[in-house]
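Mapping to our numbering: the sequence shown position 36 is 376, numbers consecutive.
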Amino acid sequence: MAEAILGVVLEKLTSLAVEELRSFMGFNTDLEKLRVMLTSIEAILDDAAEKQFSSQSVKYWLEMLKDASYELNDILDECAELTLEYQGIKCGSYHEVCSCLSYFRPKHAAFHYTIAKRMKSICERLDTIAEERYMFQLTAKPPRSGGVYERLQTTSVIVESRVYGREEDEQNIVDFLMANADDIETDEFSHVTSFKIHNIVHDLLKFAAEEVCCITNDNDVTVPERIRHISEHSWRSTLDSAQFRFESLRTYLLPPQRYKTGQLSPQVLKCYNLRVLQYEPTETLSSSISRLKHLRYLNVSGGDFVTIPKSLCRLWNLQILKLDHCHRLQKLPKNLIGLKALQKLSLNGCSSLSSLPRQMGKLTSLRNLSMYIVCEKKGFLLAELGPLKLKGDLDIKHLEKVRSVEDAKEAKMSEKQLNRLSLSWDNNEATELQENVEEILQVLEPSTNQLASLSVVGYKGACFPQWMSSSFLKYLELEDCKMCSKLPQLGKLRFLKSLSISKMTPVEYLYEEDSYDGEAVFIALEFLFLKELSNLKRLLKREDGENMFPLLNKLEIAECPNLLGLPSLPSIRNLHIQGKCNQHLLTSVKKLSSLQDLWLEDNEELRFFPDGMFQGLTSLKELYFHRLFKLEIFPTKLPDSLEKLEFVGCHKFVSAGLHEALQNVTALHSLKFEHLPNLASLPDCFQKLALLRELALYNCSKLKCLPASLKFCALKRLDIQGCPELEKRCQEYTGEDWPIISTIPNIRVIPMRR
């Protein structure tokens, strides 16, 4: 740990800015001598790191060195802050930025004196620490070969090149340590964002970091005096009760609030050396946060505040500002552009934000900007993106306000190294009147060899540019592009994994190649979402090939009434059909032999299912009929592989076909009937459902009694709610149907609200 902070200090000591500040502030210390001394200490740190485990004196010496290095780092940061402060003030006033050193005023005299005094004190401490190293006979390690030197091996370290026949033991250890490294979460680019580690690894890390890191829980926690990093388990602040030096704290993390009632402890604002702060504010963001001058990372995502205090713009060292999902946030302070060190501004989900500060292009250190809102006035144009060397994710809103192709060119999108890009036009009069919209979209092309995700919403051009057919795309969303009748050549995109197309009335086919040469199409596609495509006829113009959608496993179709059917989809696992649909589409479902989950929802016209629709679904495990309002006849032949069946919101249904259907699904585990106002009885065939474990009956007001055969199946759970007659008959011990259900371990009968 000491080598990390010492390396940071050495790097700062070699900067030109510190050299200038030395002469201006009257540091009497020879910085070159200080650099040499710290460099010599750095050389023996590896030896000290090994000896601290056998010598408490060496361990204490390292702690003293680390404390002194942190304090020196704070001093250098405060000096450098003057430069950033002056640049920020000048930038916020829209003047030219000049060197701050010639502009210091007499009001800084006290600061200069204090800094010089602190510098002298810390140098004396470091002199003492440097002298003490000779007491421990610490030696410099030989130069590292290729960046790594070979330390002396102990008996617990196995050198693979010298040990044979232990491969199985090694693998067992690795498997054991990784056994609980589960819950791995990745983003859409397959980057691991979080995971759980094995308890042994957790305990090891906790032991190694116990002097500097603390993760609290609901129990009382003893906080070490020199603690530098705290992660709270709840909003019961450790800072209110712990006795430790506030100046030592560098990181303070609070969890998200479920009810947003907690208040940030005022003690936090006394931790003047904080570098990292994460908490979820309630209705206001404290203006006193500007006291935390060293802050580099501020995460107030999820806060309920409407505005951000101007004082936040005095956090001159701030590099990362996260405001994600601050849904009530309406504006950012105009002086935000004075934060010259800012590298990341995250605004995901800030739905009430109407504009960004004027002249965002002056934030030349900015590398990640999640959202940019185009306005029509100077300083708010799309051209403000031009000077910014952005990467990562970018969502550009209100593109209907782009005045010309030249304005779009000045954004220099081709120079941006973006992974994800979202382009949206609002559906208003300005969108309809915008000229050259196709040329504007053309010049908004980013570096396509890195672009993996693209979203285009509200585009009113008649065709898409060629760059949207980039072979590197993995995720593509097209929404409300109502003038486009043809899509880009999506079938040939060999990396495309997810495709979403909605509200594009003219589209008839996803892929319109008339000739078929046997070449595979949509070879990587795994997820397909189609919504409100009223003229869509088929997925492909020709569906007589075999290499179509080989990896597609999830398909969602909503309000596509003219879709005539589906091709063979060899890997399909999950199918959702929502809204009005064609009977030919339902008939084609029987070809999907690998289908496991089928949802049929929100159809106001469907009265019955085509004959044999379910017979070919030999892998089907879960079947959901939700809000099929006019359905009268239940399908009588369901796959015998079915394990879960839900029947919800089918208002016209009485019971036709239900008996025949249930007696054949012998693998059924879970059965649910909900909001069936005309269902008067259940079929008396439950003795054939030997594997049934869960039965739920909700809001079936006409249901009078339970079938006697229910006592012969091995139910583990029965839920009854909103069925007034059943509530009476299932009263414990006294109800008429109690003998039928008395052996079920978990019974929940909730009375209907009057």
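Think of the CB as a built atom: it goes at the ideal place given N, C-alpha and C, for glycine as much as any other residue.
Computed from a prediction, not measured in an experiment: that's the story for all the values here.
Terminal residues of the beta strand (DSSP E) in which residue i lies
i: T591; result: 591-593
i: R878; result: 878-880
i: D984; result: In the sequence as presented, Asp is not what sits at residue 984; that position holds Lys. Looking at the DSSP string, the run of the beta strand (DSSP E) that includes K984 is 984-988.
i: S380; result: Not the beta strand (DSSP E): S380 falls in the alpha helix (DSSP H), residues 371-383.
i: E572; result: Unbroken run through E572: none, as it is neither H nor E.
i: S686; result: 684-686
i: L938; result: 937-943
i: Q918; result: 914-918
i: E779; result: Element bounds for E779: not the beta strand (DSSP E) but the alpha helix (DSSP H), 777-783.
i: L963; result: 962-968
Integer-rounded CB distance, given that residue j should sit under 8 Å from residue i
i: L285; j: L614; result: Coverage of the chain is limited to positions 341 through 1094, which leaves residue 285 absent and any answer about it impossible.
i: L730; j: N708; result: 7 Å
i: P727; j: T704; result: 6 Å
i: S825; j: P846; result: 4 Å
i: H966; j: E983; result: That pair is no contact at about 18 Å.
i: R834; j: S811; result: 6 Å
i: D735; j: S710; result: 6 Å
i: L865; j: L836; result: 6 Å
i: V398; j: F476; result: 5 Å
i: L706; j: V714; result: Incorrect: roughly 17 Å between the Cβ atoms, too far for contact.
i: Q782; j: E740; result: Going by Cβ atoms, the distance from Q782 to E740 rounds to 16 Å, so no, they are not a contact pair.
i: M844; j: L813; result: 18 Å between Cβ atoms; not a contact.
Member of the options whose CA lies at the smallest distance from the CA of residue i
i: E1034; options: L985, S628, G689; result: L985
i: R668; options: L687, K406, I415; result: L687
i: F889; options: R882, A860, L1055, A792; result: A860
i: N1086; options: A1036, A420, S1049; result: A1036
i: N902; options: K894, H916, L891, L879; result: L879
i: Y326; options: E587, K391, T1074, R743; result: Any answer about residue 326 is impossible in this case: the structure gives the chain only from 341 up to 1094.
i: A792; options: Y815, C1045, V398, E1000; result: Y815
i: F862; options: L830, R882, G997, K741; result: L830
i: R789; options: W765, P1017, S754; result: It should be noted that the sequence gives Asn, not Arg, for residue 789. It is S754.
i: K1044; options: C1070, L658, R1057, L1055; result: C1070
i: N1018; options: A1001, L1031, Y1038, N1004; result: Y1038
i: S571; options: S911, Q618, L604; result: Q618
i: G997; options: L696, Q1003, T976, E1014; result: T976
i: L850; options: K881, S874, N767; result: K881
Length of the line joining the Cα atoms of residue i and residue j
i: H665; j: S395; result: 50 Å
i: S496; j: R473; result: Residue confidence for S496 is low, a pLDDT of 39 falling below 50, so the modelled location carries little weight; the figure read from the coordinates is stated next. Distance between the alpha carbons of S496 and R473: 29 Å.
i: L827; j: C803; result: 8 Å
i: E1065; j: D942; result: 29 Å
i: H569; j: K671; result: 32 Å
i: E899; j: K920; result: 5 Å
i: Y434; j: K718; result: Interpretation of Y434 is limited by its pLDDT of 37, a score under 50 that renders its predicted location unreliable; no figure is taken from the coordinates.
i: D1077; j: K662; result: 58 Å
i: E436; j: K702; result: Note that E436 scores 40 on pLDDT, short of 50, meaning its location in the model is unreliable; the coordinates nonetheless yield the value given after this. Spanning the two alpha carbons is a distance of roughly 11 Å.
i: L946; j: C1025; result: 27 Å
i: A408; j: G347; result: 13 Å
i: K352; j: L412; result: 10 Å
i: S995; j: K970; result: 13 Å
i: C611; j: S641; result: 21 Å
i: H916; j: Q936; result: 11 Å
i: Q493; j: D386; result: Caution applies to Q493, whose pLDDT of 42 falls short of 50 and renders its modelled position unreliable; the value that the coordinates give is listed next. Each residue's Cα considered, the two are about 14 Å apart.
i: L632; j: E724; result: 30 Å
i: F987; j: S908; result: 27 Å
i: E490; j: L466; result: Because the pLDDT at E490 is just 43, under 50, the model does not fix this residue reliably, and the point stays unresolved.
i: P950; j: L1055; result: 32 Å
i: L625; j: L604; result: 10 Å
i: S692; j: N768; result: 18 Å
Residue i, enclosing alpha helix (DSSP H) - first and last residue
i: E1014; result: Here E1014 belongs to no alpha helix (DSSP H); instead the beta strand (DSSP E) covers 1010-1014.
i: L1002; result: 998-1002
i: H991; result: That residue, H991, is in no alpha helix (DSSP H); it is neither H nor E in DSSP.
i: I973; result: Note, I973: premise wrong, no alpha helix (DSSP H); not H, not E.
i: L946; result: L946 -> no alpha helix (DSSP H), and no H or E assigned at all.
i: L696; result: Note, L696: premise wrong, no alpha helix (DSSP H); not H, not E.
i: L925; result: 923-928
Closer than 7 Å to chain C by CB, residue i
i: K610; result: Of the protein chains in this structure there is only one, and it is not chain C.
- Task: Jot down the residue ranges of each uninterrupted beta strand (DSSP E) in the stretch 729-765, minimum 3 residues, whole runs only, in chain order.
- Result: 731-737, 757-764
- Please specify which runs of the beta strand (DSSP E), each continuous and at least 3 residues long, are wholly inside the stretch 1060-1090, giving them in chain order. You should have 1086-1090.
- Identify every run of the beta strand (DSSP E) within the stretch 598-675, keeping only runs that are complete inside it and at least 3 residues long; order them along the chain. 616-618, 637-639, 660-662
- Task: Kindly provide the ranges of any beta strand (DSSP E) runs that are 3 or more residues long and lie completely inside the stretch 788-852, ordered along the chain.
- Result: 793-797, 815-819, 838-842, 849-851
- Item | Those runs of the alpha helix (DSSP H) which lie wholly inside the stretch 379-421 and span at least 4 residues | 385-391
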